[in-house]
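Worksheet for the structure shown next.
Protein chains in written order, with full-length UniProt numbering: chain C, 1 to 275; chain S, 1 to 275.
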């Protein structure tokens, strides 16, 4: 069978993802909770997932914050260090025990937080999925599905890649490492009790996140039907002039439909003018 | 002068924004730091800002978390209460003093955080801008500019609306209100010292945010030239067949150029496969 350009690109992407070398994450493999939605999406001829994270808790020492002359914060960065990462709700509680010998909990103590300290950050990050689509119609349809089930920070990027994002987050500075301190000393400006509280909140957020993942999966399953849907470009060798005219007409109608469906989301944005 | 459809829509949006009734935010007016970039964007015939926030610190009691049967967290929600909101770096320090009589700081105390408590959340949210563009080419160009200066969570939404988002955030649970407590008692599971630390971090984040806002402003100014750029659709009554053909050809070239420019951003996404 002769493949069209999108199908070739899709095959290439799937090969890259299945080879672990292209995975730059600390984890190095696809998260198990993402597998059903990835399989669903990739079973459709007009879509391919390019990256995914099912949601995770991470704790790390911030690295180098200066880049291009500007001050940057929030990422691990160069020289940063992962202390703990999990994609599994059941593994959140108790992570702190492994580090208890290197942490001083001093929630009340004065500290000199000049620009040279490296902060210790605790994050909960929700599901994120990137999906490359064959064309704008498919991207717009997927975007609308994501927005309609709560993935309000979604957007279409370059090359019809849809990023599906939701705002279930924690982003908490919990301590620091001073430049004069030995390698293995971290000073926390929160209590150990507080760590237990945010671990508990993360566990709940994993639950919310799993519900949203299932909802997204089900909506995509209903809206796209991989078993019946044909690629939205036919095999070049089989198309007659009439079929081509019909296909172009249908593509136009689909685009109109996508734009109409988009109206509601746009109106909502509009009503939120000036956050 | 006869206005085209986009110009009419733009005028309508600008009128809505200038009437305070359409503003649903607690603030109710356009943030001063956003005015230059809003004026720059709106001076271009192919773009109009539909919403903006220059960045803010907010502290609030979470409201009703249950919606549509699912558990939702992170927003003020129904029944929530704003304690403090500022868009100005200089007003961050000291907010806690106004509430000191109603807060008990107990960073070490055990507490029963069942599903009925309402959390007190502290957030830093960075600049966000929504810009409606006349066409996909303009939206793609603006999206690429945003991505290239660090607004990595940007995306194009429905109706060529570009959302420009950056990941400079804090999202911190700092306390709670138990259902049996009197209206004016809040229990904080962090220390007062910790509030001072996160206020200081917010002040720095306002600084980073201001740098990114300026950078975005300057890149847009260089890439689009409002003084010279003409609307990308001409006035209908003046266009000859030849002019129309030329315009269509140019639009095609522009689209090609936008897609080429997009390649780099897409490649970068791709390299980050499997976060």
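Even glycine gets a Cβ: it sits at the ideal position worked out from N, Cα and C.
Note that the structure is a prediction, hence the values are computed from the model and not measured.
Residue-level contact to chain C via CB, residue i, 7 Å cutoff
i	result
residue 98 of chain S	no
residue 10 of chain S	no
residue 169 of chain S	yes
residue 172 of chain S	yes
Any C-beta of chain S under 7 Å from that of residue i
i	result
residue 179 of chain C	no
residue 273 of chain C	In this prediction, residue 273 of chain C has a pLDDT of 38, which is less than 50 and means its spatial position is unreliable; what the coordinates show is noted afterwards. For residue 273 of chain C, the answer is yes, since a Cβ of chain S falls inside 7 Å of its Cβ.
Beta carbon of residue i nearer than 7 Å to that of residue j
i	j	result
residue 277 of chain S	residue 191 of chain S	Lying outside 1 to 275, the shown extent of chain S, residue 277 of chain S is not represented and no answer is given.
residue 120 of chain C	residue 47 of chain C	no
residue 37 of chain C	residue 217 of chain C	yes
residue 188 of chain S	residue 61 of chain S	no
residue 54 of chain C	residue 12 of chain C	no
residue 139 of chain S	residue 159 of chain S	no
residue 219 of chain C	residue 108 of chain S	no
residue 206 of chain S	residue 29 of chain S	no
residue 145 of chain S	residue 223 of chain S	yes
residue 78 of chain C	residue 63 of chain C	yes
residue 6 of chain S	residue 134 of chain S	yes
residue 41 of chain C	residue 50 of chain C	no
residue 174 of chain C	residue 96 of chain C	no
residue 58 of chain S	residue 85 of chain S	yes
Backbone secondary structure at residue i - three-state DSSP
i	result
residue 58 of chain C	strand
residue 163 of chain C	strand
residue 282 of chain S	Since the first residue of chain S shown is 1 and the last is 275, residue 282 of chain S is not available in this structure.
residue 193 of chain C	helix
residue 88 of chain S	coil
residue 224 of chain S	coil
residue 44 of chain C	coil
residue 116 of chain C	coil
residue 127 of chain C	coil
residue 205 of chain S	helix
residue 149 of chain S	coil
residue 98 of chain C	helix
residue 16 of chain C	helix
residue 199 of chain C	helix
residue 33 of chain C	helix
residue 177 of chain C	strand
residue 10 of chain S	helix
residue 158 of chain C	helix
residue 103 of chain C	strand
residue 172 of chain C	strand
Below-7 Å beta-carbon distance, residue i vs any chain A residue
i	result
residue 199 of chain C	Going by chain labels, chain A is absent from the structure shown, which instead holds the protein chains C and S.
heavy atom of the ligand NAD below 6 Å from residue i C-beta
i	result
residue 131 of chain C	In the structure shown, the ligand NAD is absent, as is every other ligand, since no ligand is present at all.
What residues from the region 183-198 of chain S come within 9 Å of chain C, judged by C-beta to C-beta, listed N to C? Listed by position, the residues of the region 183-198 of chain S near chain C (Cβ gap below 9 Å) are 189, 190, 191, 192, 193, 194, 197 and 198.
Got a sec: which bits of the region 152-163 of chain S sit with their beta carbon under 9 Å from any beta carbon on chain C, in order along the chain? 153, 154, 155, 156, 157, 158, 159, 161, 162 and 163
Give the residues from the region 100-118 of chain S that approach chain C closer than 8 Å (Cβ to any Cβ), ordered along the chain. Cβ contacts with chain C: 107, 108, 109, 110, 111 and 113.
Chain S contacts from the region 33-47 of chain C (Cβ-Cβ distance under 7 Å): none
Which residues, taken in chain order from the region 138-149 of chain C, show a beta carbon closer than 8 Å to some beta carbon of chain S? 140, 143, 144 and 147
Anything in the region 198-220 of chain S with a Cβ closer than 9 Å to a Cβ of chain C? List those residues in chain order, please. So the list reads 198, 200, 201, 204, 205, 207, 208, 211, 212 and 215, given in the order they occur along the chain.
Would you say the region 118-132 of chain C touches the region 197-205 of chain C, given that touching needs at least three Cβ pairs under 8 Å? yes
When the Cβ atoms of the region 147-156 of chain S are set against those of the region 165-174 of chain S, are three or more pairs found closer than 8 Å? Counting Cβ pairs under 8 Å, three or more are found: they touch.
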